[in-house]
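Shown next, in structure tokens, is the structure this report addresses.
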Amino acid sequence: MPGTTDQYEGMTAETITIPGHNGDRIHVYYARPLGPGPFPGIVWIHHFPGWDEWSQETARQLAYLGYAAVAPDLYCREGHGAPEDMAAKVRANGGVPDAQVVGDAAACRDFLRSQANANGKVGVIGTCSGGRHSVLAASCAPGFDAVVDLWGGGVVMRQEDLTPMRPVSPVDYTKDLDCPILGLFGNDDRAPTPEQVDIHEAELKKRGKKYEFHRYDGAGHGFFYYDRPQAYRAEQAVDGWRKVLDFFQRNLGS
Amino acid sequence: MCTNIVERTNVSGSGRGAQGWFNLNEVSVSYDHPFHVSLEHALNIDFTNEASGVGARVAVELTLDSAKELARVLLEAVNRAEQYEATGYA
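As you go down the protein sequences, you meet chains H and X in turn.
Using the working numbering, read the first sequence as starting at 81 and increasing by one per residue.
Using the working numbering, read the second sequence as starting at 53 and increasing by one per residue.
And the structure:
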């Protein structure tokens with residue numbers, strides 16, 4: 081992170097391909113600071129609307145702050161087009177398989193950790209469906225150093241809502257989580273509801289996991305999204321982003 | 053994909069998308085996060101033809117009340133059309 085106005089600051093941000101789940105070549109957006117490092121890494125999981133401008137901008141923000149960030153295109157195997165069109169296609173198909181997402185996230189983690197200027201620590205974070213995916217990745221692919229769940233819907237699922245692509249409710253993997261978790265939620269959200277967040281928190285507590293959950297009044301789903309006026313809540317977003325950065329600094333360094 | 057509410061069916065007809073007219077062969081109806089309308093969730097209708105590429109899409113995002121009203125007038129028009137085809141009178 082640049083400290084003073086006379087310090088050099090720069091980054092490289094670009095699309096590259098890496099081997100993802102099952103060795104499939106997938107696109108990732110790789111944003112990292114220039115310089116020798118060592119840099120902690122962050123796997124940034126995009127939200128339901130896809131591998132879009134907001135997701136890539138956030139990856140660059142993380143790079144500006146001193147993290148090497150890799151954001152995989154989880155819809156890469158479905159083809160290519162405008163992010164909204166790709167997300168609509170995936171939405172019609174009922175999403176992407178959980179196991180595939182976990183494999184892609186683990187591949188991104190290993191890619192980051194293998195870089196010569198890595199500090200060895202890698203976290204995973206996502207919003208919306210990406211929050212759920214981050215919880216899954218950290219639980220099912222041991223080896224992350226921190227996970228941040230930003231209002232992930234569907235972490236707590238009913239039996240009747242399970243599908244072949246989503247065969248297990250992520251909260252049932254809590255016993256396997258091997259890193260600290262930060263969760264930020266809006267109390268007006270319905271995906272997840274406050275009651276579902278309660279269930280997730282109770283399971284973390286029961287399993288003796290290190291967790292920090294923060295819940296915001298006056299906020300619903302997606303309260304960081306400044307480009308969605310109905311969702312954006314400036315005060316909660318500023319506080320929440322500070323909590324995310326503090327959590328990563330404590331668990332990954334910077 | 054936060055709600056997991058989606059229904060799909062095949063359709064036959066044409067739609068006008070960003071690149072002009074194309075043949076439709078499928079529609080998906082979901083209740084989930086929209087891309088444009090200022091709602092947390094919307095009734096989203098996507099008319100598509102996958103063979104013509106992911107950009108071959110006509111998208112509509114509606115409030116639930118609007119969707120119910122659309123369903124009502126759609127069926128009403130279909131009923132009148134079928135009567136017209138059968139009798140020559142709507």
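Just so you know, even glycine gets a beta-carbon here, dropped at the ideal spot from N, CA and C.
Just so you know, these numbers come straight off a predicted model, no measurement behind them.
- Whole angstroms is fine: what's the gap from G288 of chain H's alpha carbon to T207 of chain H's? Working through the first sequence from its first residue, we reach residue 288 of chain H at position 208. Working through the first sequence from its first residue, we reach residue 207 of chain H at position 127. Cα to Cα, G288 of chain H sits roughly 24 Å from T207 of chain H.
- Message: Within 8 Å, do at least three Cβ pairs link the stretch 227-235 of chain H to the stretch 152-161 of chain H?
- Response: The stretch 152-161 of chain H and the stretch 227-235 of chain H do not touch, with fewer than 3 CB-CB distances between them shorter than 8 Å.
- Query: Do the stretch 83-96 of chain X and the stretch 112-128 of chain X meet, that is, are 3 or more Cβ pairs less than 8 Å apart?
  - Reply: Contact between the stretch 83-96 of chain X and the stretch 112-128 of chain X is present, because at least three Cβ pairs lie under 8 Å.
- Query: Applying the criterion that 16 or more other CB atoms from any shown protein chain within 10 Å of the CB defines a buried residue, is Q239 of chain H buried or exposed?
  - Reply: Your numbering for residue 239 of chain H matches position 159 in the first sequence. With fewer than 16 Cβ atoms within 10 Å of its Cβ, Q239 of chain H is classed as exposed.
- Item | Contact set between H301 of chain H and chain X, taken where Cβ atoms lie within less than 7 Å | Position 221 of the first sequence, counted from the first residue, corresponds to residue 301 of chain H. At a C-beta separation below 7 Å, H301 of chain H has these neighbours in chain X: E92.
- With K323 of chain H as the anchor, note down where its alpha helix (DSSP H) starts and where it stops. For this step, residue 323 of chain H is matched to residue 243 along the first sequence. That run of the alpha helix (DSSP H) goes A314 to L332.
- Item | Delimiting residues of the beta strand (DSSP E) encompassing M166 of chain H | To locate residue 166 of chain H, count along the first sequence from 1; it is residue 86. Where M166 of chain H is concerned, there is no enclosing beta strand (DSSP E), although the alpha helix (DSSP H) it sits in stretches over P163 to A172.
- For W134 of chain H, which residues does DSSP report across the bridge? Here residue 134 of chain H is taken as the residue at index 54 of the first sequence, counted from 1. As computed with DSSP, W134 of chain H is found in no beta bridge at all.
- Flag this pair as yes or no: are the beta carbons of L121 of chain H and N197 of chain H separated by less than 8 Å? Start at 1 with the first residue of the first sequence, and residue 121 of chain H comes out as number 41. Start at 1 with the first residue of the first sequence, and residue 197 of chain H comes out as number 117. Checking the sequence, you will find Gly at residue 121 of chain H rather than Leu. Note that the C-beta distance between G121 of chain H and N197 of chain H is not below 8 Å.
- Query: DSSP puts H107 of chain H in a beta bridge; with which residues?
  - Reply: Stepping through the first sequence from its first residue, residue 107 of chain H is reached at position 27. For H107 of chain H, which the question treats as bridged, DSSP gives the partners H:T97.
- CA-to-CA distance, K286 of chain H to K255 of chain H, given in whole angstroms: Here residue 255 of chain H corresponds to residue number 175 of the first sequence, with the count starting at 1. Here residue 286 of chain H corresponds to residue number 206 of the first sequence, with the count starting at 1. Whole-angstrom Cα-Cα distance: 9 Å.
- Query: Exposed or buried, which one is K201 of chain H when buried takes at least 16 other CB atoms within 10 Å?
  - Reply: As a position in the first sequence, residue 201 of chain H is number 121, starting the count at 1. By the 10 Å Cβ count, K201 of chain H comes out buried.
- Task: Could you list which residues in chain H have their beta carbon closer than 7 Å to that of V58 of chain X, in chain order?
- Result: Working through the second sequence from its first residue, we reach residue 58 of chain X at position 6. Simply R171, A172 and G174.
- Message: With a threshold of 7 Å (Cβ to nearest heavy atom), would Q71 of chain X be considered close to the ligand PLP?
- Response: Although the ligand PLP was asked about, the structure shown includes no ligands whatsoever.
- Message: At a CB distance below 7 Å, what residues from the stretch 154-165 of chain H approach chain X? Give them in sequence order.
- Response: Cβ proximity to chain X below 7 Å picks out G159, G161, A162, E164 and D165 from the stretch 154-165 of chain H.
- Quick one: any contact between the stretch 297-309 of chain H and the stretch 256-272 of chain H, if contact means 3 or more CB pairs under 8 Å? They touch, by the three-pair rule.
- With a Cβ-Cβ cutoff of 8 Å, do G67 of chain X and F87 of chain X count as a contact? Position 15 of the second sequence, counting from 1, holds the residue named residue 67 of chain X. Position 35 of the second sequence, counting from 1, holds the residue named residue 87 of chain X. No, the pair does not count as a contact, with Cβ atoms beyond the cut-off.
- Rounded to a whole number of angstroms, what is the C-alpha to C-alpha distance between A103 of chain X and G83 of chain H? Here residue 103 of chain X corresponds to residue number 51 of the second sequence, with the count starting at 1. Here residue 83 of chain H corresponds to residue number 3 of the first sequence, with the count starting at 1. Per the coordinates, the alpha-carbon of A103 of chain X lies some 52 Å from the alpha-carbon of G83 of chain H.
- Query: Are Q151 of chain H and Q141 of chain H closer than 8 Å when you measure CB to CB?
  - Reply: Here residue 151 of chain H refers to the residue found at position 71 when the first sequence is read from its first residue. Here residue 141 of chain H refers to the residue found at position 61 when the first sequence is read from its first residue. It is worth fixing the name first, because residue 151 of chain H is Ala in this sequence and not Gln. No, the Cβ-Cβ distance between A151 of chain H and Q141 of chain H is not below 8 Å.
- Establish whether the CB of V168 of chain X and some CB of chain H are separated by less than 8 Å. Past the edges of chain X, shown from 53 to 142, lies residue 168 of chain X, and the structure says nothing about it.
- Query: With 8 Å set as the bound, which would you pick, yes or no: does the beta-carbon of F128 of chain H sit closer than that to a beta-carbon of chain X?
  - Reply: The residue labelled residue 128 of chain H in the question sits at position 48 within the first sequence. So, interface residue.
- Task: Determine the closest residue to H101 of chain H out of H:Q180, H:A271, H:I279 and H:R193, with distance taken between C-alpha atoms.
- Result: Here the question's residue 101 of chain H lines up with position 21 in the first sequence. Looking at the Cα atoms, H:Q180 is the closest of the given residues.
- Cα-Cα, which of X:V63, X:A133 and X:R109 is closest to E164 of chain H? Here residue 164 of chain H is taken as the residue at index 84 of the first sequence, counted from 1. Comparing alpha-carbon positions, the option among X:V63, X:A133 and X:R109 lying closest to E164 of chain H turns out to be X:R109.
- Item | Euclidean distance between Cα positions of Y306 of chain H and T138 of chain H | As a working note, residue 306 of chain H is residue 226 in the first sequence. As a working note, residue 138 of chain H is residue 58 in the first sequence. Distance between the alpha carbons of Y306 of chain H and T138 of chain H is about 12 Å.
- Task: Within 10 angstroms of the Cβ of K290 of chain H, are there 16 or more other Cβ atoms? Answer buried if so, exposed if not.
- Result: Position 210 of the first sequence, counted from the start, is the residue given in the question as residue 290 of chain H. With fewer than 16 other Cβ atoms within 10 Å, it is exposed.
- Report the residue from H:S209, H:E281 and H:A314 whose alpha carbon sits nearest the alpha carbon of G130 of chain H. Position 50 of the first sequence, counted from the start, is the residue given in the question as residue 130 of chain H. Cα-wise, what sits closest to G130 of chain H is H:S209.
- Excluding the 5 residues preceding and the 5 following V251 of chain H in the sequence, name in chain order all residues of the same chain whose CB lies nearer than 7 Å to its CB. Start at 1 with the first residue of the first sequence, and residue 251 of chain H comes out as number 171. The beta carbon of V251 of chain H is closer than 7 Å to those of V235, V236, I279, H280 and E283 in its chain, skipping five residues each way along the sequence.
- For a contact meaning CB atoms closer than 7 Å, what does T115 of chain X contact in chain H? In the second sequence, the residue the question calls residue 115 of chain X occupies position 63. Within 7 Å Cβ-Cβ: nothing; T115 of chain X doesn't reach chain H, min ~12 Å.
- Taking C-beta to C-beta, are G211 of chain H and G232 of chain H nearer than 8 Å? The residue given as residue 211 of chain H occupies position 131 in the first sequence. The residue given as residue 232 of chain H occupies position 152 in the first sequence. Yes; because the gap between Cβ atoms is below 8 Å, this pair is in contact.
- Query: Sorted by chain position, which residues of the same chain lie with C-beta nearer than 6 Å to G263 of chain H's C-beta, five sequence neighbours on each side aside?
  - Reply: By one-based count along the first sequence, residue 263 of chain H stands at place 183. Excluding sequence positions up to five before and after G263 of chain H, its CB lies within less than 6 Å of the CB of D229 and F293, all in the same chain and listed in chain order.
- Could you spell out where the beta strand (DSSP E) holding E59 of chain X opens and where it closes? Residue mapping note: residue 59 of chain X aligns to position 7 of the second sequence, counting from 1. Unbroken beta strand (DSSP E) run through E59 of chain X: I57 to G69.
- Task: Residues of the stretch 197-210 of chain H with a CB closer than 8 Å to any CB of chain B: list them in chain order, please.
- Result: Absent from the structure is chain B; the protein chains it does hold are H and X.
- Query: What is the residue span of the beta strand (DSSP E) that E78 of chain X lies within?
  - Reply: Looking up residue 78 of chain X in the second sequence gives position 26. Element bounds for E78 of chain X: G72 to D84.
- Ignore the nearest five residues each way along the sequence and tell me which others in N62 of chain X's own chain have a CB closer than 7 Å to its CB. Taking the first residue of the second sequence as position 1, residue 62 of chain X is located at position 10. For N62 of chain X, where only same-chain residues beyond five positions count, the Cβ hits under 7 Å are N77 and E78.
- What are the partner residues of Y296 of chain H, as DSSP defines its beta bridges? Sequence index remark: in the first sequence, residue 296 of chain H carries index 216 (1-based). In DSSP, Y296 of chain H forms a bridge with H:G266.
- Identify each residue in the stretch 285-310 of chain H for which the Cβ-Cβ distance to at least one residue of chain X is less than 8 Å, and report them in chain order. Of all residues in the stretch 285-310 of chain H, G300, H301, G302, R308, P309 and Q310 have a Cβ within less than 8 Å of some Cβ in chain X.
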